[in-house]
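Here our numbering is used: the first residue of the sequence shown is 4, the next is one more, and so on.
Built from N, CA and C at the ideal position, the CB exists for glycine as well.
Quick caveat, the model's predicted, so the values are computed rather than measured.
Take a look at the structure below.
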Amino acid sequence: MRKDREEQCFVRLMETVRKRFPDGDIHVAAEPWHGCLTHVECPRFSICLRGAARYRIARGGAVHEVALSRGDAIFASPGCMMDPLPESDYMALGVVFHAHLTRFLVARKHPAETAQLGHAFLVALHAPSRLDADGRSLCALIGNCPGRTPADPYLHDLFGALLARSLELLADDDDPEKRGKAFFTWQAACQFLQDHLSEPVGRKDVARFLRLHPNHVSRLFRQFSHKPFHEFVLQQRLARARKLLRGSSDLNVTDIAAASGFANLGYFSRCYQRAFGRAPSKDRMTGQATRTR
C-alpha cells in the first residue's frame, strides 16, 4: 500500500540521517520577526539532504542568514522566522509537528523552478500521531538554545532525542481509519492551506501535495466544511487578515493583504468589506488604538 511504502521510506531516510550525519550543525530559529510572512504556529525542523540551504532567521532583534550543508539541520519554534532564501538550491527532509497531525516531507527548492509554491514537494506523509508532553518539552528545550553554537553537544543530544521521537511517531499505531480517513485527509488539506496562505495556493496544489484528484479535494471540502474549496480558502485568508489587522503593530494594510494571500489590495479591501462590514483600514486603526491605551 502507498502509505506503508511512504512510511518505510521516511523511516529509512531518518535512520540513515541519524547514522551518517551524527555531527551535522544544528541551527535554532527561536525569535519571531515582524516582516516574516511565512511563519508557522507549530515547531518544525528541516535537515539538508543535498545542496546548500540558506535561511533567514531572527536573532538578537536582527535578521541573520544561516547556511546549511548536507547533514545540517535547522529547528524553528512556533511562530518564529525560518525563511528559505529564494536563491537557495537544496533538497531537505522536513518534519512539522501540527496540533492534530505530524507532517513528514521531502522537498526540493531550486531558483530556476517556476512552481507557484516555494518548494516542490517530492514525498509527503501525514501521520495521525502527535507529539506528547515529552516531545513538546524537547521542542521547548531546543527553542531555549539559540545562544548555543550549532556544534554544541547539548543541543545535538536534544535534537537527536527529537529525531528519535519523530521516528516513534511514524511507528505509533494511531490508525486514521478509527477516526475516519476522509476527515483526516481533509484535516491534512486544511493544514497545508494554512501553511501556504501567503502564497497563491489553489486546489491543484493541494491535490498534488496529497496525491489526490482535484475533484476529490473539492468533494472533501464540500463534505466537511460545507463550502466550495475557493470559498473556504477565501474565508481562511480573510480570517488571517483580520487577526493581523487587529494584532500586528508592524505591518501595514498592504503587507497584511500579502501575508494573507491577496496580491491585489483593491480586491482584498472589497472582500474584507463584504465579509465584515467595514474597511480593513478601520480595523487597522482600531487595533492600533487598542494597543496604545
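According to the DSSP secondary-structure assignment, isoleucine 60 is paired through a beta bridge with His67.
When secondary structure is reduced to three states using DSSP, proline 203 falls in the coil class, being assigned neither helix nor strand.
Residue Asp286 holds the alpha-carbon nearest to the alpha-carbon of lysine 246 among Ser169, Asp286 and Val69. Closest option to aspartate 198, judged by alpha-carbon separation, among Arg243, Leu158, Leu125 and Met17: Arg243.
Here threonine 19 is exposed. Its C-beta has fewer than 16 other C-beta atoms within 10 Å. Arginine 106 sits in a strand when the DSSP states are folded into three classes. Closest by C-alpha distance to aspartate 175, out of Pro149, Leu241, Leu104 and His219, is Leu104. Just so you know, the alpha carbons of alanine 282 and phenylalanine 265 end up roughly 15 Å apart.
Between the alpha carbons of glutamine 11 and valine 126 lies a distance of about 12 Å. Counting only runs of 4+ residues, the alpha helix (DSSP H) found wholly inside the stretch 134-219 occupies 136-146, 156-174, 184-198 and 206-213, in chain order. Rounded to the nearest angstrom, the Cβ distance from leucine 144 to leucine 161 is 5 Å, consistent with a contact under 8 Å. Short of 7 Å from the beta carbon of methionine 85, and not among the five residues preceding or following it, lie these beta carbons of its own chain, in chain order: Ala32, Tyr58, Ile60, Ile77 and Ala79.
In this structure serine 169 is in contact with valine 98, their Cβ atoms being roughly 5 Å apart against a cut-off of 8 Å. The C-beta distance from phenylalanine 124 to leucine 108 rounds to 6 Å, short enough to meet the 8 Å contact threshold. Contact annotation: proline 46 and phenylalanine 13 have beta-carbon atoms that are not nearer than 8 Å.
The C-alpha of proline 153 lies about 23 Å from the C-alpha of alanine 110. In the DSSP assignment, histidine 129 falls within the unbroken beta strand (DSSP E) covering 123-130.
In the structure shown, the three-state DSSP call for histidine 30 is strand. As DSSP reads the structure, alanine 76 sits in a beta bridge with Ile29 and Ile50. Taking 8 Å as the cut-off, the Cβ atoms of phenylalanine 212 and phenylalanine 195 count as close.
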